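Novice: My structure is below; once you've seen it, I'll send some questions.
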Amino acid sequence: MDRADAAARAARAQGHPRSLDELRADYLTGVAIRGWPDDDGFARTTPVPAGRVFVVVPFTTAVGLDDSPCELPGYGWSVRRRPAR
């Protein structure tokens, strides 16, 4: 929280019009999505997500013809479990 507060106060000192709470939230969101930010707390580079999720959506569901379930490849009932040791 101290790092978020310091980054928010530094941004306000540079003239950002948003409130300190908004700037702290931006900092913490950036940390959650991109990992630790640059020195000033707000990354200037293109963000790279910390993880990826692929969702397979049936075409008929995507166009609204039905509500068939989507799939997260590698998770759920189709995952091969390792044998217990």
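Residue 13 in our numbering is what sits at position 13 of the sequence shown, and the numbering runs on without skipping anything.
The C-beta atom is built at its ideal place from N, Cα and C for all residues, glycine as well.
Quick caveat, the model's predicted, so the values are computed rather than measured.
Return the CA-CA distance between V63 and M1, expressed in angstroms with no decimal places.
Specialist: Along the sequence shown, read from residue 1 onward, the residue named residue 63 stands at position 63. Along the sequence shown, read from residue 1 onward, the residue named residue 1 stands at position 1. Distance between the alpha carbons of V63 and M1 is about 44 Å.
Novice: Could you tell me if G74 is buried or exposed, where buried requires 16 or more neighbouring beta carbons within 10 angstroms of its beta carbon?
Specialist: Looking up residue 74 in the sequence shown gives position 74. Looking at its Cβ environment, which holds fewer than 16 other Cβ atoms inside 10 Å, G74 is exposed.
Novice: I'd like the span of the alpha helix (DSSP H) that includes F59, first residue to last.
Specialist: Numbered from 1 along the sequence shown, position 59 holds the residue referred to as residue 59. Start and end: F59 to A62.
Novice: State the DSSP-derived secondary structure class of V31, mapped to helix, strand or coil.
Specialist: If you number the sequence shown from 1, residue 31 lands on position 31. V31 falls in the helix class under three-state DSSP.
Novice: Please go through the same chain and pick out, in chain order, the residues whose beta-carbon is closer than 6 Å to the beta-carbon of P58, but skip the five residues on each side of it.
Specialist: Indexing the sequence shown from 1 puts residue 58 at position 58. Here the set comprises S68.
Novice: Using the Cα positions of A95 and L23, report the straight-line distance between them to the nearest angstrom.
Specialist: The first residue shown for the chain is 1 and the last is 85, placing residue 95 beyond what the model contains.
Novice: In whole angstroms, give me the CA-to-CA distance for V56 and D66.
Specialist: Here residue 56 refers to the residue found at position 56 when the sequence shown is read from its first residue. Here residue 66 refers to the residue found at position 66 when the sequence shown is read from its first residue. Note on geometry: alpha-carbon atoms of V56 and D66 lie some 15 Å from one another.
Novice: What are the residues that DSSP puts in a beta bridge with V53?
Specialist: Locating residue 53 in the sequence shown gives position 53, where the first residue counts as 1. Beta-bridge pairing links V53 to no other residue.
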